[in-house]
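Asks: This structure is in C-alpha cells; I'll ask about it shortly.
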Amino acid sequence: MHPRRLLGIIFTFSGLIFIPNMIQDIHKYITGELGLPIFDIAINLFLVPLYFFYFRKLTKPEKLTSRRIWPHLMPGISVLITSFFLSPLQEKVAGNGVFLNANLPLIIFRCASLILQAIMITIYTLRILHLKREHMQRLEENYSFMEDIDLHWLNQAIPLAAFFAFVALFASCFQAIWSDYLFHISSILFTFYLFIHALNEPYICYTEQHAEIHEEEIISPNSCPEPPVTAPTSETELSPVFPALPEKYLKNLGIKREKMKDELVHLFDEKEIYTNGNLTIADVAALLGTNRTYVSNVINNEFGFSFYQFVNKYRIQKATILLIQHPDMQIQEVASLSGFNSLSSFISSFKLNEGITPKQWKQRYVDIL
9 MHPRRLLGII
19 FTFSGLIFIP
29 NMIQDIHKYI
39 TGELGLPIFD
49 IAINLFLVPL
59 YFFYFRKLTK
69 PEKLTSRRIW
79 PHLMPGISVL
89 ITSFFLSPLQ
99 EKVAGNGVFL
109 NANLPLIIFR
119 CASLILQAIM
129 ITIYTLRILH
139 LKREHMQRLE
149 ENYSFMEDID
159 LHWLNQAIPL
169 AAFFAFVALF
179 ASCFQAIWSD
189 YLFHISSILF
199 TFYLFIHALN
209 EPYICYTEQH
219 AEIHEEEIIS
229 PNSCPEPPVT
239 APTSETELSP
249 VFPALPEKYL
259 KNLGIKREKM
269 KDELVHLFDE
279 KEIYTNGNLT
289 IADVAALLGT
299 NRTYVSNVIN
309 NEFGFSFYQF
319 VNKYRIQKAT
329 ILLIQHPDMQ
339 IQEVASLSGF
349 NSLSSFISSF
359 KLNEGITPKQ
369 WKQRYVDIL
C-alpha cells in the first residue's frame with residue numbers, strides 16, 4: 009500500500025469518527041443531555057496508531073497487513089465498547105441530578121482512559137522518532153541528497169503533536185461545551201498541518217530505481233560473481249563455528265577490495281560523478297558492476313564515511329576549487345556545478361565541512377588574494 013493511500017484512509021477515518029462526535033456535541037448543546045462518555049478519548053486511541061503506521065510505512069520498506077494493524081486499534085475498540093455499556097449509567101446519574109464525576113465507575117473509567125491515552129501517545133511518539141533516525145541512516149547510506157526526503161518537517165510536527173496531546177488530555181478532563189470546542193479546533197489545526205506536509209512528502213522506499221529491499225545483485229558480464237561482504241570489523245575475524253578461510257581467499261578478497269576502492273576513486277576524481285545532484289549508491293554500484301551493499305561496505309570501512317558524507321566531501325572540494333578559480337561566480341552557480349540541488353543544502357553542507365559559510369570562506373581565502 010502506498011503511503012498516500014494510507015494517508016487517505018487515515019483522514020477518511022478521522023472524518024467518519026469526528027462527524028458523530030460533533031453531532032453528539034450539538035445534541036448535548038440543544039437538549040442538555042449527556043452523550044456517549046469519553047468519545048473524544050476513543051477517537052485519539054484510534055488516530056494515534058494510524059498516524060504511527062503512516063510514518064512507519066513512509067520510512068520503513070515493509071508490507072503492512074491488517075493483521076499487524078488491528079492489534080494496535082484494540083485499545084480504542086475496548087474503550088469505545090466500554091463507553092457504550094457505561095452510557096446508561098451516565099444518563100441515570102444525570103437524571104438524578106448528581107454531579108457526573110461522583111459516580112465511581114465513571115471516575116475510574118475516565119482516569120484509566122486518560123492514562124492509557126497518555127501512555128499510547130508517549131510510546132508512539134518515541135517510536136516515530138526512532139523510525140525517523142533509522143530513516144536518516146538509510147538516506148545517508150543510499151542517497152547523496154536530502155532535499156524533501158529527510159522528514160525535516162517532523163521536527164516541528166512532534167512538538168505540535170505533543171501540544172495537541174496536552175490539549176486533548178486537558179479537554180478530556182472536563183465534560184463541557186468549551187472543552188469540546190477546544191478539542192475540535194486543536195484537532196482540526198493539527199490534522200491540517202499534518203496533512204499538508206504529509207501529502208507533499210515523496211515516497212522513496214519502493215521506487216524501481218532505488219529499491220531498498222529485495223535488490224538483485226548487478227554483475228559485470230566479464231567478471232565472476234563476488235562473495236557477499238557482511239562488513240566484519242576485520243577481514244580475518246571469523247566465527248569459531250566455521251573453519252578459517254584459506255589465506256589465498258583472504259588475499260584475493262583484499263585485492264578485490266583495493267581494486268574496488270581504486271575504481272571508486274577514479275569515478276569521483278576523474279569522472280566527477282558527484283556533480284549529478286540525484287546520485288545514489290545504486291547508480292554507483294551499477295557503474296562499478298557490483299551490488300549496493302558491497303559499495304556501501306567499501307565506503308564505510310575504507311574511507312570512514314557514509315555515502316552521503318563521502319559524496320558531499322567531493323562536492324565541497326569542488327566548490328572550493330570553483331570559488332578560487334572563478335571568484336566572480338555566484339554562490340548559486342557554484343552550488344549547482346558542485347552537485348547540490350539547492351542553495352540551502354549547499355550552505356549547510358559547506359558550513360558542516362568547513363566550519364563557515366561559502367561567503368565567509370570566499371572572503372577569508374579568495375578576496376584577500
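Under the numbering used here, residues 9 to 377 are what the sequence shown spells out, in order. For every residue, glycine included, the Cβ atom is placed at its ideal position computed from N, Cα and C. Values in this document were obtained by computation on a predicted structure and should not be read as measured data.
1. Do Arg76 and Leu139 have their CB atoms nearer than 7 Å?
2. Can you give me the Cβ contacts of Ala343 inside the same chain, cut-off strictly under 6 Å, excluding the 5 residues immediately before and after it?
3. Runs of 4 residues minimum, wholly inside the segment 138–180: which ones carry the alpha helix (DSSP H) assignment?
4. Can you grab the Cα-Cα spacing for the pair Asn286 / Arg118, in whole Å?
5. The alpha helix (DSSP H) with Thr301 in it runs from where to where?
6. Give me the Cα-Cα distance between Ala170 and Phe61, rounded to the nearest whole angstrom.
7. Keeping to the same chain, check which residues put their C-beta closer than 8 Å to that of Glu271; ignore five residues upstream and five downstream.
8. Less than 7 Å between the beta carbons of Gly347 and Tyr282, yes or no?
9. Below 7 Å between beta carbons: does that hold for Thr378 and Tyr151?
10. Alpha carbon to alpha carbon, what distance is there between Leu94 and Leu88?
11. Taking all protein chains shown into account, decide if Val56 is buried (16 or more other Cβ within 10 angstroms of its Cβ) or exposed.
12. Pair every Cβ in the segment 141–148 with every Cβ in the segment 156–171, then say whether three or more of these pairs are closer than 8 Å.
13. What number of angstroms, rounded off, separates the C-alpha of Asn305 from the C-alpha of Ala293?
14. Taking the straight line between their C-alpha atoms, what separation do you get for Glu70 and Arg300?
15. Going by DSSP, what residue range makes up the alpha helix (DSSP H) through Tyr373?
16. Looking only at C-alpha atoms, which of Lys359, Lys269, Gln371 and Gln317 sits nearest to Thr298?
17. In this structure, how does DSSP classify Thr90 when only helix, strand and coil are distinguished?
18. Whose C-alpha, out of Thr90, Thr130 and Leu124, is nearest the C-alpha of Pro113?
19. What separation, rounded to the nearest whole angstrom, lies between the Cα atoms of Phe202 and Phe276?
20. Between the beta-carbon of Ala165 and the beta-carbon of Ile129, is there less than 7 Å?
21. Using the three-state DSSP reduction, which class does Thr73 fall into: helix, strand or coil?
22. Buried or exposed: Arg143, going by 16 or more other Cβ atoms within 10 Å of its Cβ?
23. Which residues bound the alpha helix (DSSP H) around Tyr282?
24. Assuming Ile332 and Val273 form a contact by the criterion Cβ under 8 Å, report the distance between their Cβ atoms to the nearest whole angstrom.
25. State buried or exposed for Pro335, treating a residue as buried only when at least 16 other CB atoms are found within 10 Å of its CB.
26. Go ahead and label Ile131 buried or exposed: buried means 16 or more other beta carbons lie within 10 angstroms of its beta carbon, across all protein chains shown.
27. Verify whether the separation of the beta carbon atoms of Ile324 and Pro366 is less than 7 Å.
28. Where His205 and Val175 are concerned, what is the direct C-alpha to C-alpha distance, given to the nearest angstrom?
29. Excluding sequence positions up to five away, which residues of its chain have a Cβ less than 7 Å from the Cβ of Asn284?
30. Closer than 6 Å: is that where the CB of Lys367 sits relative to any heavy atom of the ligand PLP?
31. When the Cα atoms are used, what is the spatial distance from Asn349 to Phe153?
32. Which residues in the same chain have their Cβ closer than 7 Å to the Cβ of Val319, if we skip the five residues on either side of it in sequence?
33. How far does the alpha helix (DSSP H) with Phe383 in it extend, from its first residue to its last?
Replies: On the basis of the data shown:
1. Counting from 1 along the sequence shown, the entry for residue 76 is found at position 68. Counting from 1 along the sequence shown, the entry for residue 139 is found at position 131. No, they are not a contact pair.
2. To locate residue 343, count along the sequence shown from 1; it is residue 335. Excluding positions up to five away in sequence, the list reads Leu351 and Phe354.
3. Correct list: 162–180.
4. Residue mapping note: residue 286 aligns to position 278 of the sequence shown, counting from 1. Residue mapping note: residue 118 aligns to position 110 of the sequence shown, counting from 1. Their Cα atoms are separated by approximately 52 Å.
5. Within the sequence shown, residue 301 is the residue found at index 293, counting from 1. Secondary structure note for Thr301: its alpha helix (DSSP H) is the uninterrupted segment Arg300 to Val306.
6. Here residue 170 is taken as the residue at index 162 of the sequence shown, counted from 1. Here residue 61 is taken as the residue at index 53 of the sequence shown, counted from 1. Cα-Cα distance, rounded: 18 Å.
7. As a working mapping, residue 271 is identified with position 263 in the sequence shown. If we look at Glu271 and ignore the five residues flanking it on each side, its Cβ neighbours are Leu296.
8. Here residue 347 refers to the residue found at position 339 when the sequence shown is read from its first residue. Here residue 282 refers to the residue found at position 274 when the sequence shown is read from its first residue. For Gly347 and Tyr282, yes; Cβs fall inside 7 Å.
9. Since the first and last residues shown for the chain are 9 and 377, residue 378 lies out of range.
10. Reading the sequence shown from its first residue, position 80 is the one you call residue 88. Reading the sequence shown from its first residue, position 86 is the one you call residue 94. The alpha-carbon atoms of Leu88 and Leu94 are separated by roughly 10 Å.
11. Counting from one through the sequence shown, the residue named residue 56 turns up at place 48. With 16 or more Cβ atoms within 10 Å of its Cβ, Val56 is classed as buried.
12. Inter-segment contact for the segment 141–148 and the segment 156–171 is present: three or more beta-carbon pairs are separated by less than 8 Å.
13. To locate residue 305, count along the sequence shown from 1; it is residue 297. To locate residue 293, count along the sequence shown from 1; it is residue 285. Near 11 Å, if we compare the C-alpha coordinates of Ala293 and Asn305.
14. Taking the first residue of the sequence shown as position 1, residue 70 is located at position 62. Taking the first residue of the sequence shown as position 1, residue 300 is located at position 292. Between Glu70 and Arg300, the C-alpha separation is close to 19 Å.
15. Residue mapping note: residue 373 aligns to position 365 of the sequence shown, counting from 1. Counting along the chain, the unbroken alpha helix (DSSP H) around Tyr373 starts and ends at Pro366 to Tyr373.
16. Working through the sequence shown from its first residue, we reach residue 298 at position 290. Here the closest residue by C-alpha is Lys269.
17. For the purposes of this step, residue 90 is identified with residue 82 of the sequence shown, where counting begins at 1. For Thr90, the three-state secondary structure derived from DSSP is helix.
18. Here the question's residue 113 lines up with position 105 in the sequence shown. Checked all of Thr90, Thr130 and Leu124; the closest Cα to Pro113 is Thr90.
19. Mapped onto the sequence shown, residue 202 falls at position 194. Mapped onto the sequence shown, residue 276 falls at position 268. As written in the sequence, residue 202 is Leu, which differs from the Phe given in the question. Distance between the alpha carbons of Leu202 and Phe276 is about 40 Å.
20. For this step, residue 165 is matched to residue 157 along the sequence shown. For this step, residue 129 is matched to residue 121 along the sequence shown. Pairing Ala165 with Ile129 gives a Cβ-Cβ distance that is not under 7 Å.
21. Walking along the sequence shown from the start, residue 73 turns up at place 65. Coil at Thr73, not helix or strand.
22. Taking the first residue of the sequence shown as position 1, residue 143 is located at position 135. Residue identity differs from the one stated: residue 143 is His in this sequence, not Arg. With 16 or more other Cβ atoms within 10 Å, it is buried.
23. Mapped onto the sequence shown, residue 282 falls at position 274. Per DSSP, Tyr282 belongs to no alpha helix (DSSP H) and is neither H nor E.
24. Sequence index remark: in the sequence shown, residue 332 carries index 324 (1-based). Sequence index remark: in the sequence shown, residue 273 carries index 265 (1-based). The C-beta distance from Ile332 to Val273 rounds to 22 Å, too long to meet the 8 Å contact threshold.
25. By one-based count along the sequence shown, residue 335 stands at place 327. Its Cβ having fewer than 16 others within 10 Å, Pro335 is exposed.
26. To locate residue 131, count along the sequence shown from 1; it is residue 123. With fewer than 16 other Cβ atoms inside 10 Å of its own Cβ, Ile131 counts as exposed.
27. Sequence index remark: in the sequence shown, residue 324 carries index 316 (1-based). Sequence index remark: in the sequence shown, residue 366 carries index 358 (1-based). No, Cβ-Cβ distance for Ile324 and Pro366 is not below 7 Å.
28. Position 197 of the sequence shown, counting from 1, holds the residue named residue 205. Position 167 of the sequence shown, counting from 1, holds the residue named residue 175. C-alpha separation (whole angstroms): 22 Å.
29. By one-based count along the sequence shown, residue 284 stands at place 276. Scanning its chain for C-beta atoms nearer than 7 Å, with the 5 sequence neighbours on each side dropped, one finds around Asn284 the residues Gly347, in chain order.
30. No copy of the ligand PLP appears in this structure; indeed no ligand is present at all.
31. Within the sequence shown, numbered from 1, the residue matching residue 349 stands at position 341. Within the sequence shown, numbered from 1, the residue matching residue 153 stands at position 145. The C-alpha of Phe153 is placed about 8 Å away from the C-alpha of Asn349.
32. In the sequence shown, residue 319 corresponds to position 311, counting from 1. Only Ser152, Tyr282 and Leu287 meet the Cβ criterion.
33. Look at the range of the chain in this structure, 9 to 377, and you will see that residue 383 is not part of it.
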